[in-house]
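*Asks:* Chains as they are written, first to last, in the numbering used here: chain X, 2 to 120; chain C, 555 to 694.
A virtual CB, placed ideally from N, CA and C, is assigned to each residue, including glycine.
#1: Closer than 7 Å, CB to CB, is residue 123 of chain X near chain C or not?
#2: According to DSSP, simplified to helix, strand and coil, what is residue 693 of chain C?
#3: Could you give the uninterrupted runs of the beta strand (DSSP E) lying entirely in the region 12-63 of chain X, keeping only those of 3 residues or more?
#4: Sorted by chain position, which residues of the same chain lie with C-beta nearer than 8 Å to residue 18 of chain X's C-beta, five sequence neighbours on each side aside?
#5: Say whether chain X places a C-beta atom closer than 7 Å to the C-beta of residue 605 of chain C.
#6: What first and last residue would you give for the alpha helix (DSSP H) that runs through residue 620 of chain C?
#7: For the candidate residues C:584, C:600, C:601 and C:608, whose alpha-carbon lies nearest to that of residue 593 of chain C?
#8: Between the Cα of residue 621 of chain C and those of X:46, X:58 and X:117, spot the shortest distance and give me the residue it belongs to.
#9: Whole angstroms are fine: how far does the CA of residue 90 of chain X sit from the CA of residue 72 of chain X?
#10: Can you list, in chain order, the residues of its chain with a C-beta nearer than 6 Å to that of residue 580 of chain C? Leave out the 5 residues immediately preceding and following it.
#11: Would you be able to state if there are at least three C-beta pairs under 8 Å between the region 566-581 of chain C and the region 634-649 of chain C?
#12: If you drop the 5 nearest sequence neighbours on each side, which residues of the same chain put their C-beta closer than 8 Å to that of residue 48 of chain X?
#13: Just the Cα atoms here: how many angstroms apart are residue 672 of chain C and residue 631 of chain C?
#14: Who are the neighbours of residue 103 of chain X on chain C, taking C-beta pairs under 9 Å?
#15: Interface residues of chain C around residue 60 of chain X at Cβ under 7 Å?
#16: Short of 8 Å Cβ to Cβ, which residues in the region 69-94 of chain X face chain C?
#17: Which residues, in chain order, does the region 588-621 of chain C contribute to contact with chain X at a C-beta distance below 9 Å?
Here it is as structure tokens:
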């Protein structure tokens, strides 16, 4: 199990062109570690909104009583991909934002999958 | 009078919730999705502001569109707020996908963001790429 800081560094090493990456605590919505390549990007606010997205989606799944765990959530914006990957116990999630011109969905998912064992 | 018979969700049938033009349009979207993905678990077209289900289809009584329409509407509003406040870098939301253990949920705003279309399908019956493409084509 890698620490949040290690996870960020490893993802960054594999995807140097990423826009933003953060390991977020689901309970508080606060980032434990983060990195961004955009100058005026407020990662704390982004993490807080992402936490709301995760919670809203989990509620929708629970309403259907599916007994399934969420593997990941992908948001497609016009020129970006945002991925949210929950850790196995759901207490943390990794948030990754990339430019869809230089990274595709499959690449981004694989990288997150490899580093989701954060604690 | 509360008769359980009337509350039961008709299965494998497109149910149109409104009788006006928007209901017809929503029905057409679902018909299109069903032609290409006949094994889909659930699909519905919902008005984002109110959470009202315009049309829906479900293959299983445990997939009740009325139970998730408002929750998904709230999810979309949260994301719109995040984008409006520039909490996320980048432009309008195209779609949202959630990958579960053996199924996929896909949510796509349509009609200028006034409605959204929701699709649930088993990963054995479709993959993310197919689901995205089919949704894109039918929700124009």
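*Replies:* Once the coordinates are examined:
#1: What is shown of chain X runs 2 to 120, which leaves residue 123 of chain X out entirely.
#2: coil
#3: 21-26 and 32-37
#4: 38, 99, 100, 103 and 104
#5: no
#6: 619-638
#7: C:584
#8: X:58
#9: 11 Å
#10: 599, 608 and 609
#11: no
#12: 23, 25, 30, 31, 32, 35 and 96
#13: 15 Å
#14: Per Cβ cutoff of 9 Å: no residues; residue 103 of chain X is ~14 Å from chain C at best.
#15: 625
#16: 69, 70, 71, 72, 73, 74, 75, 76, 77, 78, 79, 80, 81 and 83
#17: 596, 616, 617, 618 and 621
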